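Comments concern the structure below.
In the UniProt record's numbering, the protein residues as written are 1 to 146.
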């Protein structure tokens, strides 16, 4: 795990150097409102250890961090009866829209189809045949134990 924290805004929030609207905190994570509020109640769940992205977690620490997600998600939903669902995402790397390079999980409550949050998934079903899908799967399987 990276220990680079000098100019990390989330490390500063965790250390209390920058204020936040904290909704949950324990010895492993701090969860606070995202200042952009994509939708009302948008929360970031942030590990207290500086981990840049999903690729730096070990299995044990990932389990500790991600096990907090359901509790925070339920609290967000319980706080507003208008919430119809929730997107939970983690962006890893600039290409995946990560803008703060301290791993964090977005919990974005959903109210309507036009509430300001959109995800568009391409349907590439017709672009891959069974052999191509098998080849992709085999390449991943070769590395799954690493």
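All C-beta atoms in this analysis are idealised placements derived from N, C-alpha and C, irrespective of residue type, glycine included.
From a predicted model like this one, the values you see are computed outputs, not experimental measurements.
Can residue i and residue j be called in contact, C-beta distance under 7 Å?
i, j, result
"residue 102", "residue 10", "yes"
"residue 86", "residue 78", "no"
"residue 147", "residue 82", "In this structure the chain extends from 1 to 146, so residue 147 is not present and cannot be described."
"residue 54", "residue 92", "yes"
"residue 41", "residue 76", "yes"
"residue 30", "residue 14", "yes"
In the DSSP output, what is residue i paired with across the bridge?
i, result
"residue 148", "The structure shown does not extend to residue 148, since the chain is modelled only from 1 to 146, so the question has no answer here."
"residue 32", "22, 44"
Out of curiosity, what's the CA-to-CA distance linking residue i and residue j?
i, j, result
"residue 97", "residue 28", "24 Å"
"residue 3", "residue 50", "For residue 3, the pLDDT reaches just 45, beneath the cut-off of 50, and the residue's location in the model is therefore unreliable, although a value from the coordinates is still provided. Residue 3 and residue 50: Cα-Cα distance of roughly 6 Å."
"residue 1", "residue 52", "Residue placement at residue 1 is flagged as unreliable, the pLDDT there being 46, under the threshold of 50; the coordinate-derived value follows with that caveat. Answer to the nearest angstrom: the Cα atoms are 8 Å apart."
"residue 26", "residue 130", "46 Å"
"residue 5", "residue 126", "45 Å"
"residue 61", "residue 37", "27 Å"
"residue 145", "residue 120", "31 Å"
"residue 56", "residue 94", "15 Å"
"residue 12", "residue 117", "27 Å"
"residue 135", "residue 35", "42 Å"
"residue 113", "residue 90", "21 Å"
"residue 132", "residue 100", "35 Å"
"residue 66", "residue 24", "14 Å"
"residue 48", "residue 104", "10 Å"
Assuming residue i contacts residue j (C-beta within less than 8 Å), just tell me the rounded distance between them.
i, j, result
"residue 43", "residue 33", "6 Å"
"residue 109", "residue 39", "5 Å"
For residue i, would you say it is in contact with chain C, using Cβ-to-Cβ distances shorter than 7 Å as the test?
i, result
"residue 43", "This model lacks chain C altogether, as it is built from one protein chain only."
Worksheet item: Curious, which full-length beta strand (DSSP E) runs of at least 3 residues does the segment 68 to 131 contain?
Response: 85 to 89, 105 to 110
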